[in-house]
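Below is one structure, written out as structure tokens; the observations come after it.
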Amino acid sequence: MPSKSLADDNLQSIIIEVEGNPSEHKRYLETYHPFITVIATYEKLFNGLALQGSPDQLEKMGTLDFVKAVHSVQTYETTQTLEPIIPFEEIEKDSPDMVLPSELNNTTYTGKGITVGVVDTGIDYNHPDLQGNYSGGYDVVDLDDDPMETLETEGIPTNHGSHVAGIIAANGSLQGVAPNAEIRAYRALGPGGSGTSVQVIAAMEQAVEDGVDIINLSLGNSVNGPDYPTSIAVNRAADLGVAVVIANGNSGPDNWTVGAPATASKALAVGAFANAHTAPILYDALSGKKVPMTLMMGSNPWDLSMDYEIGLADEDKLNGKIALIQRGEIPFYDLAKEAEEKGAIAAIIYNNEEGNFQGAITGPNEQVQIPVVSVSKEDGEWLQEFAKEENHPYIDTMYEEVPSGIATFSSRGPVTVNWELKPDVLAPGTNIVSTVPGGYMPLQGTSMAAPHVAGVIALMKEAKPTWTNEQIFGALKTTAVRMDDEAGNPIEPIGQGMGLVDPKRAIETPTILYNPSLAFGKINEYRKTQTVNLTIENTSNQDQTYSFHIPKKRKGLSWKLPMTFSIEAGEKIEVPVELSITSPQLEKGIHQGWIELDSEGETYHLPYLFINETADYPKASGFEFTLKPFSKNEFVYRLYLIEDTRYVEVELYDPQTLLYDRTLLRLEETQIGMNEGYLELRDIGQAGSYLAVITVQLEDGRFESYETELYISP
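Heads up: the sequence shown begins at 1 in full-length UniProt numbering, then just goes up one per residue.
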């Protein structure tokens, strides 16, 4: 085979999905396409090959009969760097707002002998707190064995994977949850933290092939469905014996916001717990309006003590004002820097779609000195009208004490189609101090919560080497601490799952509930009886007696629970939990609550959930529209559907005037799950930025629609 340098500027990389045996196709390519290099073969989690060659040679791959799809590896030209990094000695470690990962480890274990695969943006393996535990990995973006974070010479630089790795197993000035665990890095997300689902799956496959014990996935998308390709790959990895931990997502506090692959049934999905802290809010005394704000990652703190005027972004001068900017295609750094250069005292970036969002400021060497925050679309539009009032009113900053609980940004469940409860558990996810290239930084998100749990699982695998992943997951859920609101009432299950993880309690638990989150599905009949078989293991060395609390009577619900029962030491049994539901006697929508199981002085809280007839879940999600790799005149579309439909229509509107432009796509033969296909350039119309409105007509005649931004490249 002709040899090729991986550094050859003329070479490009792709990943192809194939029908049949990938190894046979590898031999075919080596024989009949000798100028293509097969870098990797994937057959555990999906069927595919990673290829490298010239663009002309790679373009031919899409014409081969056995090729299902071609996934290009994105390349970027923007050269930017990270925000200045904090030296460890300058971090306010005693501040109640700062969280060190080691604080979660209340055991004597360190994760020794356990290997954790971090599928992310790569890691800075030269960091003094990471280099000792780094044991190799792979780069699926560049298809080589150097999974370093993206450097500023390669595109928009990254730090996410290093931060995640430090939470798990930093061992230096900063200590991770499991400081003696090994870290293997798999770079699936390239410059700016971007990558395809196939790159993520390929990175997971390589991690499984390398024999890691745990995979951490602090990434996800907006598809709330259990059978998205990455979710399927996660379940397959679990079947192969790997414990997979996934961030639940940062699209809260709305319901139905958990996205794939956290929707995978065999993974542990982690939501974010927020410590008690002081948070700034904007306040207008006249109307009583309060506007909560989320500090951008890398921003200076919001410490304004006076009232200030709101200025709109299109104003020529913003001297002494708080700049109000709508989110769009321009990077957050550039938006904030422009406001600062116009004299703004602070910047607010509001969402261009429903809900809140997490943002980060990355950019050239010169740091943005003003504080930068994000707010919801609704609050941003209110501030815009406030700013237009004739008397140019001023708005105050107030500081509220926020009690501990679920972080507002943490995505909520449940999952559509299979109606499962997610997240499974909570872990610390706000103001987490960890490693980044060049130093340390506090970040927040469920991306920070998941590696806490990956570290805890490393502790548990060291402490309980004979336990299966199912036992470990069950023990973590069984012993998680249920969270209550300020009034002392349990926070709803779709926000917290089983509650906040406790490593010591999980290791020492005398009981494991394998499936304590009781999902009874979607009820469409007049009356239906559903049974969940709860698996209970007595892990102690003596017999134990168990009994359920009989739930309070509620119209339309009837529970049938076993009477007092015993389980012998070391034994495991199945216990039926039966719920009869009379649908017309209950409101439509989500029904959730808790039942309690007592044993030897311990009370275990088991969340339950069912959907009565229907709910406000999204009927379609995850619309993608991109140019087919190596094609100049063919586009590929993908859309995930939750229910059977009569048709789906995608209409395009001008994002400024909101005037209808044209219909991009109409599908009349659809299926539940992923729908994909191709459109010719001549059929899609003019390139540019649009507001896409996806309208679904359901089988019962009802219409559902949602909006998303869409950019059609020329």
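No residue lacks a Cβ here, since even glycine has one placed at the ideal position from N, Cα and C.
Considering only their Cβ atoms, is the gap separating residue j from residue i smaller than 7 Å?
| i | j | result |
| --- | --- | --- |
| R236 | L45 | yes |
| R666 | E649 | yes |
| R662 | G688 | no |
| L641 | I611 | no |
| residue 749 | T466 | Residue 749 is absent from the model: the chain starts at 1 and stops at 714. |
| E223 | P101 | The displayed chain sequence assigns Val, not Glu, to residue 223. No, Cβ-Cβ distance for V223 and P101 is not below 7 Å. |
| N171 | N216 | no |
| I156 | P179 | no |
| H33 | V436 | no |
| F548 | L597 | yes |
| M498 | V575 | no |
| I310 | M398 | no |
| I15 | A207 | no |
| E338 | I370 | no |
| A692 | L652 | yes |
| K619 | E704 | yes |
| R638 | Q697 | no |
| G225 | T468 | no |
| V119 | M204 | yes |
| A406 | G488 | Note on identity: in this sequence residue 406 is Ile, with Ala being the wrong assignment. For I406 and G488, no; Cβs fall outside 7 Å. |
| S289 | K317 | Contrary to the premise, residue 289 reads as Lys rather than Ser in this sequence. In this structure, K317 does not lie closer than 7 Å to K289 by Cβ. |
| residue 749 | M448 | Here the chain comprises residues numbered 1 to 714, so residue 749 is not present and cannot be evaluated. |
| I167 | H452 | yes |
| T446 | S410 | yes |
| T545 | S580 | no |
| V577 | A450 | no |
| R482 | P493 | no |
| V200 | T230 | yes |
| A313 | V372 | no |
Keeping to the same chain, check which residues put their C-beta closer than 7 Å to that of residue i; ignore five residues upstream and five downstream.
| i | result |
| --- | --- |
| G328 | N352 |
| N221 | G259, A260, G622 |
| Q131 | Y125 |
| Q542 | A569 |
| P147 | G122, I123, G137, Y138, D139, A185, Y186, R187 |
| N633 | E680, L681 |
| T539 | T509, P510, T511, I512 |
| L240 | K44, V208 |
| G169 | First, the residue type needs correcting, since residue 169 is Ala and not Gly in the sequence shown. Cβ within range, chain order: G111, V116, N133, G176, A178, P179, A181, I183, G455. |
Sorted by chain position, which residues of the same chain lie with C-beta nearer than 6 Å to residue i's C-beta, five sequence neighbours on each side aside?
| i | result |
| --- | --- |
| M297 | A360, L443 |
| I39 | A50, Q52, L143 |
| V402 | H277, A279 |
| A267 | V234, V244, I246 |
| E17 | G48, K68, A69 |
| D227 | G673 |
| F357 | N351, S374 |
Where DSSP assigns a beta bridge to residue i, which residues make up the other side?
| i | result |
| --- | --- |
| G579 | The displayed chain sequence assigns Leu, not Gly, to residue 579. DSSP lists Q530, W559 as partners of L579. |
| Y660 | Y653 |
| P428 | F273 |
| W594 | P607 |
| M674 | Y640 |
| E634 | E680 |
| E574 | T535 |
| I523 | N612 |
| A279 | E400 |
| R702 | Looking at the DSSP assignment, R702 forms no beta bridge with any residue, so it has no partner. |
| Y394 | E309 |
| I694 | V650, Y706 |
Which same chain residues, not among the five before or five after residue i, have their C-beta less than 8 Å away from its C-beta?
| i | result |
| --- | --- |
| N524 | S583, E613 |
| A519 | P414, N418, W419, E420, L421, V532, Y608, L609, F610 |
| residue 716 | This structure leaves residue 716 out entirely; the chain is present only between 1 and 714. |
| I214 | I114, T115, V116, G117, V242, A243, V244, V245, A454, I457, A458, K461 |
| Y711 | E329, G688, S689, Y690 |
Relative to the ligand NAP, is the shortest distance from any of its heavy atoms to the C-beta of residue i smaller than 6 Å?
| i | result |
| --- | --- |
| G195 | Judged by which ligands are present, the structure shown has none, so any question about the ligand NAP falls away. |
### Task
Would you list, in sequence order, the uninterrupted beta strand (DSSP E) runs of no fewer than 3 residues that lie entirely inside the stretch 13-53?
37-42, 48-53
### Query
If we count Cβ pairs, one from each stretch, closer than 8 Å, do we get three or more for the stretch 503-513 versus the stretch 102-120?
yes
### Task
Go through the UniProt domain "PA" (316-383) residue by residue and report every complete run of the beta strand (DSSP E) that reaches 3 residues or more, in order.
322-326, 346-350, 372-375
#### Entry: Entirely enclosed beta strand (DSSP E) segments - the stretch 144-231, minimum 3 residues
182-187, 214-217
### Message
Pairs of beta-carbons, one from the stretch 312-324 and one from the stretch 376-389, closer than 8 Å: are there three or more?
### Response
yes
### Message
Runs of 3 residues minimum, wholly inside the stretch 450-517: which ones carry the beta strand (DSSP E) assignment?
### Response
511-513
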